[in-house]
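First up is the structure itself, then whatever we jot down about it.
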Amino acid sequence: MVIAELNPQFLVRAGEVHRSVYTDPAIFKLEMERIFGRAWLYLAHESEVPEPGDYVVRHMGTQAVILTRGKSGGIETIFNRCSHRGATLCAFEKGSAPHGHQCPYHGWTFNADGTVRFVSNASNYDGVLDEADYAISQVRTETYRGFIFGNLAGHAAPPLGDFLGHMKSTIDDLVDRSPTGKIEVGKYQLRHYYRANWKMTFENLNDTIHPGFAHSASVVSAKSVLAEVGRDNIVPTVGMMLANGKPIQFFQDLDMVTTPGGHSYIGGHMGADYTPDTADAYTQSLMDFHGPEKAKQVLSVDRHLMLLYPSSFWHARYQTIRIIRPVRHDLTEMIGFTFKLVGAPEETHVNAIEYCTGANSAASPVIADDLEIYERCLLGNEYDRREWIPMSRGLNEDRERGNSITRTPATSEAYIRNQFAAWADYMGKAS
Amino acid sequence: MIVEVSDLIQLEAALLDDCRYAEWIELFTDDCLYWVPVSPEMQSPRDGPSHFRDDRQVMMVRTHRLANPRSFGAEPSPRTVHIISGIRIEESTPEEIHVSSSQIMLEYRNRGRFEEDQRAFGGRVRHRLLRTAEGLRIAEKRIDLINAEGAFNAMAAPL
Chain G
1 MVIAELNPQF LVRAGEVHRS VYTDPAIFKL EMERIFGRAW LYLAHESEVP EPGDYVVRHM
61 GTQAVILTRG KSGGIETIFN RCSHRGATLC AFEKGSAPHG HQCPYHGWTF NADGTVRFVS
121 NASNYDGVLD EADYAISQVR TETYRGFIFG NLAGHAAPPL GDFLGHMKST IDDLVDRSPT
181 GKIEVGKYQL RHYYRANWKM TFENLNDTIH PGFAHSASVV SAKSVLAEVG RDNIVPTVGM
241 MLANGKPIQF FQDLDMVTTP GGHSYIGGHM GADYTPDTAD AYTQSLMDFH GPEKAKQVLS
301 VDRHLMLLYP SSFWHARYQT IRIIRPVRHD LTEMIGFTFK LVGAPEETHV NAIEYCTGAN
361 SAASPVIADD LEIYERCLLG NEYDRREWIP MSRGLNEDRE RGNSITRTPA TSEAYIRNQF
421 AAWADYMGKA S
Chain W
1001 MIVEVSDLIQ LEAALLDDCR YAEWIELFTD DCLYWVPVSP EMQSPRDGPS HFRDDRQVMM
1061 VRTHRLANPR SFGAEPSPRT VHIISGIRIE ESTPEEIHVS SSQIMLEYRN RGRFEEDQRA
1121 FGGRVRHRLL RTAEGLRIAE KRIDLINAEG AFNAMAAPL
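Line by line, the protein sequences give chains G and W. In this text, residue positions in the first sequence follow this note's numbering: the first is 1, and each later residue adds one. In this text, residue positions in the second sequence follow this note's numbering: the first is 1001, and each later residue adds one.
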């Protein structure tokens, strides 16, 4: 397909999508410009850069940016690229640079906000170069409840609040679960990658039909161990595997919520519970902070997983966020973060850590199967005889259709159709 | 003692390479830990997520699954060879022995993708061994891969 001829309306239909959206490098390139270049992307949490000069490096699509805590306390986000010859400025994913970011090539140095701090042999540039022209471009950022989002479209983008819409409630759920109102990022991240398209993860994670098939081996194995050790002795990780064996009716009865922009979430508690002691201590701490009414309401929120299109996955109950990093049309990285509920029993963070390990480790029996499937789908979609991929499951099963939210059974592919509606919307606009 | 320790560590690797997983698990204590952290700085699996953070039950599920024909992530099954070197006793008491070694595991799965089908996992291994009534057993195996912080594609076989 020639890029000039690309009309995304030809690639997305009511209940099907053209296979080239997964296989064509030209489409990937356009996605980076038009989707990752326009959507709000979750980048980092305030607690990752507590002190002035602290920085982290994150990707926005295929480009890396540096988020630095500025002297005045704000977050500055600039491209991780020297404006002289283009060399990468920060080689590390995190660190502290209170005196600016220095390029290793000719020593050009930049302030957190991208302005030039130092140009080597400045006299050679007398009357030739205006330093103001070589400030590194800033990326527009906005924060919601401590979560920092960036947008490459700058002022052309809507406010972050409009982008999040109803999905703010999942972020609220994560933060409100803290008995101090504060959360803090865990120190370690967990990464996996696969040789297939980034959209595969978006289409898989709220797919409630695949576990009964793709993960059946884990379910069978977990049941065999269950028979051997008894239900009372099952450890949380094995309990998580057993959850994949829930009957289809469970998911048919469950609601899936989709919102404009390609976002969605489902409920259904599918991880490990706290131990009784931890649950009691945690509930008490939450009641002390919020009062009994609000605490009860906070604990009643049931969000298993929110997909925030096109770049992040929010498991609020398990204080786990995953970020997607599209590398090529056929290469994708997923990065898992955990968060501590400040003031809650330490065991709650251990619960999050166990969840994140099960949900994002390449060695997780569940994820290993998913990654294999993603790669098989890419291989098959390279074949040329069947051009269209159906996404019609539950097409006529919407429970409630509104401007801001739509409810469907959790077995529906409504969330995939919703993703491709957003995809076509982003991709269809040339500028 | 080094011979006894070395024999156990080589036996463990051989059982993995021969896919004799039930016997492999028998080498571990009931409350064992099999751990592949995401950073050599981690002190405990409670510090953060891990690639592998298995107790005996998870080891049983993982290896039971390797034998299941519906286990797509292990289809075809991985074939592995462990190369172990530099086995050293770091510390020992009458009950407990701390051992360190270097390990490379080559893994091959025939998926028709040529060199991509073979991978190498290398790092430093620490075994904590206990003397039990049944003999020397593994209470903890920690593998610090040199690329621990990196991203991995699907891993089915224990390292």
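Just so you know, even glycine gets a beta-carbon here, dropped at the ideal spot from N, CA and C.
Within chain W, partners of residue i - CB distance below 9 Å
i, result
"Glu333(G)", "Ala1151"
"Gly336(G)", "Pro1049"
"Arg191(G)", "Val1038, Glu1149, Gly1150, Ala1151 and Phe1152"
"Met60(G)", "By Cβ distance, chain W contributes nothing, its closest Cβ being about 18 Å from Met60(G), past 9 Å."
Delimiting residues of the alpha helix (DSSP H) encompassing residue i
i, result
"Leu1145(W)", "It is not in any alpha helix (DSSP H) - Leu1145(W) instead sits in the beta strand (DSSP E) that spans Gly1135 to Leu1145."
"Asn381(G)", "Pro365 to Asn381"
"His349(G)", "Glu346 to Asn360"
"Asn418(G)", "Ala414 to Gly428"
"Gly239(G)", "Pro236 to Ala243"
"Pro211(G)", "Pro211 to Ala214"
"Tyr22(G)", "Ser20 to Thr23"
Close beta carbons around residue i, own chain, < 8 Å, minus the five adjacent residues each side
i, result
"Met1(G)", "Residue placement at Met1(G) is poorly supported in this model, since its pLDDT is 47, which falls under 50; the coordinates are not used for a value here."
"Leu1011(W)", "Leu1027"
"Ser1102(W)", "Ile1084, Ser1085, Gly1086, Gly1122, Gly1123, Arg1124 and Val1125"
"Tyr105(G)", "Cys82, His84, Arg85 and Ala87"
Of the residues the options, the one placed nearest residue i, counting alpha carbons only
i, options, result
"Phe313(G)", "Ala410(G), Trp198(G), Met287(G) and Ala279(G)", "Trp198(G)"
"Ala316(G)", "Glu293(G), Arg325(G) and Tyr355(G)", "Tyr355(G)"
"Ile1084(W)", "Phe1052(W), Ala1013(W) and Ser1092(W)", "Ala1013(W)"
"Gly239(G)", "Cys103(G), Leu226(G), Ile136(G) and Arg58(G)", "Leu226(G)"
"Val119(G)", "Ser96(G), Ala153(G), Cys82(G) and Thr141(G)", "Cys82(G)"
"Ile1002(W)", "Arg1113(W), His1064(W), Arg1088(W) and Glu1075(W)", "Arg1088(W)"
"Ala281(G)", "Val229(G), Ile248(G) and Glu347(G)", "Glu347(G)"
9 Å Cβ cutoff met for residue i and residue j
i, j, result
"Ala1156(W)", "Val1036(W)", "no"
"Ala196(G)", "Glu413(G)", "no"
"Thr283(G)", "Ala295(G)", "yes"
"Val116(G)", "Val65(G)", "no"
"Leu67(G)", "Gly150(G)", "yes"
"Thr237(G)", "Pro345(G)", "no"
"Ala1154(W)", "Ala368(G)", "yes"
"Tyr144(G)", "Leu129(G)", "no"
"Gly262(G)", "Phe147(G)", "no"
"Arg34(G)", "Tyr309(G)", "no"
Spatial neighbours of residue i in its chain, beta-carbon cut-off 7 Å, leaving aside the 5 residues before and after
i, result
"Val298(G)", "Asp176, Arg177, Leu286 and His290"
"Arg322(G)", "Ser312, Phe313, Met334, Ile335, Gly336 and Asn360"
"Glu382(G)", "Thr23"
"Val1038(W)", "Gly1048, Pro1049, Ser1050, His1051, Ala1148 and Glu1149"
"Leu1130(W)", "Thr1029, Glu1095, Glu1096, Arg1137 and Ala1139"
Range covered by the beta strand (DSSP E) that runs through residue i
i, result
"Asp1030(W)", "Phe1028 to Pro1037"
"Ser1050(W)", "Ser1050 to Asp1054"
"Gly146(G)", "That residue, Gly146(G), is in no beta strand (DSSP E); it is neither H nor E in DSSP."
"His45(G)", "Leu41 to His45"
"Ile266(G)", "His263 to Ile266"
Spatial neighbours of residue i in its chain, beta-carbon cut-off 6 Å, leaving aside the 5 residues before and after
i, result
"Glu48(G)", "Val56 and Val185"
"Ala4(G)", "With a pLDDT of 47 at Ala4(G), under the threshold of 50, the predicted position of this residue should be treated as unreliable, though the coordinate-derived value follows. The answer is none, since no qualifying residue turns up."
"Asp113(G)", "Glu76"
"Lys94(G)", "Val56"
Residue i: contacting residues in chain G (beta-carbon distance under 9 Å)
i, result
"Met1060(W)", "Ser221, Ser224, Val225, Glu228, Val229 and Val238"
"Asn1110(W)", "Within 9 Å Cβ-Cβ: nothing; Asn1110(W) doesn't reach chain G, min ~14 Å."
"Gln1010(W)", "Ordered by position in chain G, no residue passes the 9 Å Cβ test against Gln1010(W), which lies about 23 Å from the chain."
Amino acids of chain W, ordered along the chain, whose beta-carbon sits closer than 8 Å to that of residue i
i, result
"Lys340(G)", "Under the 8 Å cutoff, chain W gives no residues; its nearest Cβ is about 11 Å from Lys340(G)."
"Thr268(G)", "With the sequence shown as reference, residue 268(G) is identified as Gly, and Thr is not the correct amino acid for it. Result: empty, since nearest Cβ-Cβ is about 22 Å, beyond 8 Å."
8 Å Cβ cut-off: residues of chain G touching residue i
i, result
"Ser1077(W)", "Near Ser1077(W) there are no residues of chain G at all, since even the closest Cβ is about 12 Å away, more than 8 Å."
"Phe1028(W)", "In chain order: nothing, as chain G lies at least about 15 Å away."
"Met1105(W)", "Ordered by position in chain G, no residue passes the 8 Å Cβ test against Met1105(W), which lies about 13 Å from the chain."
Contacts of residue i in chain W (Cβ-Cβ under 7 Å)
i, result
"Thr357(G)", "Pro1049, Ser1050 and Arg1053"
Where residue i meets chain G, residues with beta-carbon distance less than 7 Å
i, result
"Met1042(W)", "Tyr188"
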